[in-house]
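What follows is a set of notes on a single structure, which appears directly below.
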Amino acid sequence: MPIPEDVTGDEIDKDVRQELQSLPKTLAEDVARNLVMVARLIDEDPEGAYGYSRVALRLASRVAAVREAAGFAAYANQKYAEALAEFRAARRMTGTVELWPLMADCERGLGRPEKALDMAGAPEVHKLDKAGQVEMRLVAAGARRDMGQLDAAIVTLQSPELASNSVQPWTARLRYAYADALLAAGRQGEAREWFAKAVEADKDGSTDASDRLAELDGVEFVDAFDESEGESEGDDGDAAAAPADDE
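Taking numbering that gives the first Met the number 0, the leading residue of the sequence shown gets 0, the next gets one more, and so forth.
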């Protein structure tokens, strides 16, 4: 797959670069450039990112960072079985637990919420940092909802992190998930309150909390382009009808 000339491979994280030092220099550079493309495209063009991840995987399947990148790319494309396999491989290579919540979410994607809940109660969770533990809580709540256990999902999300007034990287998503669970349970008033709190914490627009809040408030957004287009068509119609009146 073509790679822009401005991508040198030096853009990758220093820890990943260190991993790639086990490879011959030219090969390491090729792998690094493909990993840069995965990182560049994974949000805007998941399919493209997946393609580059497969190239990197073909070149260096024994590098943990490559297996992890392949897992993320597969996950972004909802290829959950493939993502789970790659995450497991990366975990075997590194011995870390950072990918545990993602692995559990892959189990959800594969229609196995019970397995995700088992993982949420595993000893590995206690080894996660705070962000990882919050992520695991979100996955567990999602698994409860998959199983139709709305009240249990709500209780799962109730935590010191949810109650805290301080804004952390996970705060907006946690509040959003709680609001969404409340709404699914028919508790609209509480849901509105928590969507509003999610908006307050969501400085980078990582959720659509503002849209959900507006929807609950009955606010409708009109596309200005569509509106102007409609007015233009109306004007054309009036102009065409005028000569008929003269006749």
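Note that beta-carbon positions come from the ideal geometry of N, C-alpha and C, so glycine has one too.
Just so you know, these numbers come straight off a predicted model, no measurement behind them.
In this structure, DSSP gives N33 a helical state, which the three-state scheme calls helix.
In this structure, W169 keeps its C-beta atom at 8 angstroms or more from the C-beta atom of V198.
Assignment of Q148 by DSSP, reduced to helix, strand and coil, places it in the coil class. Under the three-state reduction of DSSP output, L215 falls in the helix class. DSSP places A184 outside any alpha helix (DSSP H), giving it a letter other than H or E. L156 places its beta carbon less than 8 angstroms from that of Y177. Put simply, the segment 109–116 does not touch the segment 86–98. Fewer than three CB pairs are less than 8 angstroms apart. For V15, the enclosing alpha helix (DSSP H) covers residues K13 to E18. Y51 places its beta carbon 8 angstroms or farther from that of M118.
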